[in-house]
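Chains as they are written, first to last, in the numbering used here: chain A, 1 to 424; chain B, 1001 to 1296. Where a beta carbon is used, it is the ideal one built from N, C-alpha and C, also for glycine. Below you'll find the structure, written out as structure tokens, and then a few comments.
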Amino acid sequence: MEVFISTTEQILTTDGLPLKVSLKKAERKNKIRAFLLVFPLLLFILVTFVVPIGDMLLRSVDDSHINTVFPNTFEEYRKWDRNDLPPEEVYEAIFFELATGEGIQVGKALTRMNYSKSGWKSLIKKTRRQIKKIYKSGELPTSYKDTLIDIHEGWGDTLFWISMAQMTEERTLIYYWNAIDRTYDIDGNVVMQDEKRRMYVKTWIRTLKVSVYVTFFCLILGFPVAHLLANLPLRYSNLLMIFVLLPFWTSLLVRTTAWIVMLQQKGVINGVLVWLGIIDDDQRIQMVYNMTGTIIAMTQILLPFMILPLYSVMKVIPKSHMRAAQNLGAKPVRAFIRVYLPQTVPGMSAGGLLVFVLAIGYFITPELVGGKDGQLIGHWIAYHLKTTLNWGLCAAIGSILLAVMLVLYWLYNKIVGIDNIKLG
Amino acid sequence: MALPSYATPIQRTYYYLYLVACGIVFFFLIAPLVAIIPISFSQSPFMVFTEGMLAWPPDPEAWSLRWYRYMVGICTDKNLTTPCSNKWMIGTVNSFFVGFVSTFFATALGTLAALGLSRPHMPYKGLIMSILISPMIVPLIITAAGMFFFYAKINLVYTFTGIILAHIALSTPFVVITVTATLVGFDMNMVRASQSLGARPIRTFFKVIMPLILPGVISGALFAFITSFDEVVIVMFMASLDQLTIPKQMWAGIRQEISPVILCMATCLVALSIFLLTTVELLRRRSEKMRGISRQ
């Protein structure tokens, strides 16, 4: 071929173009055609999904809002040498910005200021009305500094002013530090939160712990079932597969409700135990609205995700392997451990990773059956999104969780391949 | 996988233990779903088996359709213990509406994309595939937070449009995966044959490609529907107070007024999932080409 092309005589297509050029053109056309088919969905996912997630990532480090509320104050503030109290200009700037600022925007900024030093919010809330009154009266004071300190002595406290240094940048890491129970002290060093405000590390650890437990139980429970399904004749295994697939297709909320019915104090399991005489009527076990409930319910809900990958791996392990091992003198247990088990590792790792990844991001089930000590990290995302409106912290927790997931999925992709995901 | 006749007694014991263990796991998987069905027909306002229900011979007093009447909004019962309203029916209508609309768009977009992805000339296939699959991978709570922030900026929160857009994004990965899997066994010569016989691309698509991949498309659509129909996290954040759906209503029910009405709806949903499961199973058997989602 090479000899042919290197000769001066080129192969031409019917319309007179060299074959190479024509082929390239056709290939490019094909590429564009294929891409055009994918393009609508790609655009849709980018706009409705990827951009919002990116927006969340930006929000987790974003501190620009407060800079739009106090631009002049911050500009003057940067000139301050941090000795004694700030100069008159800083007081003047903040006086006018508080007097003229829009209520909602100032309110948001105050919430942010309180994250850096508690007391900011009440200080400004207490003094803002008087500042406005002075501003409206038209008789502007000669010394803004003295006036403000007269209104409230807090304005003469250097600590407040030092803490402002953390807010003058457009980007901040405070939410990430908050998400792992740390914060900045007054000088901008990273320190632990107060004892009573430390709850995130605890929840992160609990999330990992519950995920490990759930993965472990799913593996223990899923392994024999997958083995049975893979080795039964198709007629029976198809029938038994319904037991795995029906929960898989049933609404998550239905399954969660069902577990509440089963596990509650007057529930089915306690009822059976009392009826059998194993426990007395007044010793009913508290199995729901705590961590036990979360683990039991999540294990059942995620079990199909373990069984299905295990099953598809076990299905292709030839039965002759075990027989050959035993034929060569291995006892059944030895044959199982040395011959069968190693071949199921891909299935175990695929199922294990899938269950683990799904478990750490779980929200609905722990929220409903978890009670106080069974909540996972998703609870705080929802809490800050809806209740405290601390969206920065909400986004930071979400971003950390997302990072953990991506690392795990990268692993999953290495081991199993993302396009090998199978459904049902 | 019966035991060989030469098995030792110990092997026999192990074998039966193994069968019992499997039985327990199957029971664990299915028992909660089965247990709720009889309780939904209870007379009692608590989600428990009452003594009357367990009595033999059965006590007709203990059983009733009372909670089903509540569910459909027939409030003739004088001794109301839980508020009776047509919230569940409004929720059902909304759920089906959101489900159908998002399934339609998700199926159309997902099928097109799967056709493109299966072409041998597709550039950056891996990267694009992982972007398209990502809504399925990212935990719902993160998706919900991100979408809430972003949709709040463009005034789409508290609208059905916002919810539907979110649900389409969430359910397309299922369509892409199932249809791509179907296309793995697709013979491109069919397309060439059709075109050489003079059919235009559109005609080829509807007359040749579509009938062949239809089982994959339908099961993809069913996955998409159940994803949207069952989704509660996004609805919780993005729907206004009066935009009820079934999952949202169930969530509220579990949170506030635990009454057997939830179990009635749950029983209906179990019936729906049996229906969907059967359909998908039949489709799978009918077309050997849907290798991607089948258990080979």
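Name, please, each residue of chain A whose Cβ falls closer than 7 angstroms to the Cβ of residue i.
i	result
Tyr1070 (chain B)	Result: empty, since nearest Cβ-Cβ is about 16 angstroms, beyond 7 angstroms.
Ala1021 (chain B)	Pro224
Tyr1018 (chain B)	Pro224
Leu1127 (chain B)	Result: empty, since nearest Cβ-Cβ is about 10 angstroms, beyond 7 angstroms.
Which chain B residues are close to residue i, counting only those with a beta carbon under 8 angstroms from its beta carbon?
i	result
Ala258 (chain A)	Pro1032, Leu1033, Ala1035, Ile1036 and Ala1266
Arg59 (chain A)	Phe1149
Gly271 (chain A)	Val1048 and Phe1049
Thr48 (chain A)	Met1147, Leu1165, Ala1166, Ile1168 and Ala1169
Gln300 (chain A)	Phe1028, Leu1029 and Pro1032
For residue i, return the contacting residues in chain A, with the cut-off set at a CB-CB distance below 8 angstroms.
i	result
Asp1230 (chain B)	Ser251, Leu252 and Leu253
Gln1011 (chain B)	Pro332
Can you tell me which of the options puts its alpha carbon nearest to the alpha carbon of residue i?
i	options	result
His321 (chain A)	A:Gln283, A:Val339 and A:Val268	A:Val339
Ala1108 (chain B)	B:Gly1253, B:Val1280, B:Asp1230 and B:Gly1220	B:Gly1220
Tyr176 (chain A)	A:Ala396, A:Ile151 and A:Trp410	A:Ala396
Pro52 (chain A)	B:Ala1199, B:Val1270 and B:Phe1149	B:Phe1149
Met1047 (chain B)	A:Ala99, A:Val268, A:Val106 and A:Lys25	A:Val268
Arg129 (chain A)	A:Ile151, A:Tyr115 and A:Lys117	A:Ile151
Ala34 (chain A)	B:Thr1279, B:Ile1226 and B:Met1122	B:Met1122
Val313 (chain A)	A:Phe216, A:Pro346 and A:Glu97	A:Pro346
Trp204 (chain A)	A:Ile415, A:Val404, A:Leu408 and A:Tyr412	A:Val404
Phe1174 (chain B)	B:Ala1113, B:Ser1085, B:Pro1120 and B:Lys1125	B:Ala1113
Leu486 (chain A)	B:Phe1225, B:Trp1088 and B:Leu1117	Chain A is shown only over 1 to 424; residue 486 (chain A) falls outside these bounds and no answer can be derived.
Thr127 (chain A)	A:Phe305, A:Ala99 and A:Ile301	A:Ala99
Ser1040 (chain B)	B:Ala1266, B:Leu1140 and B:Leu1017	B:Ala1266
Ala1106 (chain B)	B:Lys1087, B:Leu1170, B:Arg1066 and B:Ala1007	B:Leu1170
Val369 (chain A)	A:Lys315, A:Leu263, A:Leu328 and A:Ile337	A:Leu263
Met56 (chain A)	A:Cys394, A:Cys218, A:Gln10 and A:Val407	A:Cys394
Glu97 (chain A)	A:Glu153, A:Ser116 and A:Glu75	A:Glu75
Glu90 (chain A)	A:Thr48, A:Trp155, A:Asn30 and A:Glu139	One point to set straight first is that residue 90 (chain A) is Val, not Glu, in the sequence displayed. Considering only alpha carbons, the answer is A:Trp155.
Phe1027 (chain B)	A:Leu354, A:Val254 and A:Leu303	A:Leu303
Please report the residue range of the beta strand (DSSP E) in which residue i lies.
i	result
Tyr1124 (chain B)	Taken as a continuous stretch (DSSP letters only), Tyr1124 (chain B) belongs to no beta strand (DSSP E), as it is neither H nor E.
Val191 (chain A)	Val190 to Met192
In the DSSP assignment, find the alpha helix (DSSP H) that holds residue i and state where it starts and stops.
i	result
Tyr184 (chain A)	No alpha helix (DSSP H) holds Tyr184 (chain A); the beta strand (DSSP E) holding it covers Arg182 to Tyr184.
Phe1104 (chain B)	Lys1087 to Leu1117
Phe39 (chain A)	Leu19 to Ile45
Pro1060 (chain B)	It is not in any alpha helix (DSSP H) - Pro1060 (chain B) carries neither H nor E in the DSSP assignment.
Val1191 (chain B)	Met1188 to Ser1196
Pro1260 (chain B)	First-last for Pro1260 (chain B): undefined, no H or E at that position.
Ser1298 (chain B)	Since the first residue of chain B shown is 1001 and the last is 1296, residue 1298 (chain B) is not available in this structure.
Val1235 (chain B)	Val1233 to Met1238
Tyr1158 (chain B)	From DSSP, Tyr1158 (chain B) is part of no alpha helix (DSSP H); its letter is neither H nor E.
Asn178 (chain A)	Ile174 to Ala179
Glu97 (chain A)	Glu88 to Thr100
Would you mind telling me which residues of chain B sit closer than 9 angstroms to residue i, beta carbon to beta carbon, in chain order?
i	result
Met405 (chain A)	Ile1137, Val1138, Pro1139 and Ile1142
Tyr213 (chain A)	Neighbours of Tyr213 (chain A) on chain B: none; closest Cβ ~15 angstroms, over 9 angstroms.
Tyr91 (chain A)	Neighbours of Tyr91 (chain A) on chain B: none; closest Cβ ~35 angstroms, over 9 angstroms.
Ala395 (chain A)	Ala1145, Gly1146 and Phe1149
Val339 (chain A)	What Val339 (chain A) touches in chain B: nothing, since even the nearest Cβ is about 17 angstroms away.
What does residue i reach in chain A if we use C-beta pairs closer than 9 angstroms?
i	result
Leu1276 (chain B)	Trp249
Gly1110 (chain B)	Leu41
Ser1240 (chain B)	Going along chain A, no residue has its Cβ under 9 angstroms from Ser1240 (chain B), so there is no contact; the nearest lies around 13 angstroms.
Show which residues of chain B have a CB atom less than 7 angstroms away from the CB atom of residue i.
i	result
Asp55 (chain A)	Gly1146, Phe1149 and Phe1150
Ala34 (chain A)	Gly1116, Arg1119, His1121 and Met1122
Phe96 (chain A)	Result: empty, since nearest Cβ-Cβ is about 29 angstroms, beyond 7 angstroms.
Glu27 (chain A)	His1121
### Task
Could you tell me whether the segment 290-297 of chain A touches the segment 207-223 of chain A, where touching means 3 or more Cβ pairs closer than 8 angstroms?
yes
### Task
Determine contact between the segment 380-399 of chain A and the segment 1144-1159 of chain B, defined as no fewer than three beta-carbon pairs at a distance below 8 angstroms.
yes
### Message
Within 8 angstroms, do at least three Cβ pairs link the segment 26-46 of chain A to the segment 1128-1142 of chain B?
### Response
yes
### Query
Counting Cβ pairs closer than 8 angstroms, one from the segment 185-200 of chain A and one from the segment 139-151 of chain A, do we hit at least three?
no
### Task
Report yes or no: do three or more beta-carbon pairs, one from the segment 1033-1052 of chain B and one from the segment 250-262 of chain A, lie closer than 8 angstroms?
yes
### Query
Below 8 angstroms, can you find three or more Cβ-Cβ pairs linking the segment 1097-1111 of chain B to the segment 1196-1203 of chain B?
no
### Query
Which ranges does the alpha helix (DSSP H) cover as unbroken runs of at least 4 residues, wholly within the segment 206-252 of chain A, from first to last along the chain?
234-249
### Task
Taking 8 angstroms as the threshold, find out whether the segment 108-120 of chain A comes into contact with the segment 83-99 of chain A through three or more Cβ pairs.
no
### Query
If we count Cβ pairs, one from each stretch, closer than 8 angstroms, do we get three or more for the segment 1236-1254 of chain B versus the segment 1161-1174 of chain B?
yes
### Task
Please determine if the segment 1244-1264 of chain B and the segment 1064-1074 of chain B are in contact, where contact requires at least 3 C-beta pairs separated by less than 8 angstroms.
yes
#### Entry: the segment 1264-1284 of chain B in contact with the segment 228-247 of chain A per 3-pair CB rule at 8 angstroms
yes
### Task
Evaluate the contact criterion for the segment 1151-1159 of chain B versus the segment 59-77 of chain A: three or more CB pairs, one atom per stretch, below 8 angstroms.
no
#### Entry: Runs of beta strand (DSSP E) wholly within the segment 301-373 of chain A (minimum 3 residues, chain order)
none
### Query
Fully enclosed by the segment 104-140 of chain A, which alpha helix (DSSP H) runs are 4 residues long or longer?
120-137
#### Entry: Stretch pair the segment 1004-1019 of chain B + the segment 1182-1190 of chain B: three plus CB contacts closer than 8 angstroms
no
### Query
Are three or more beta carbon pairs between the segment 168-187 of chain A and the segment 269-280 of chain A nearer than 8 angstroms?
no
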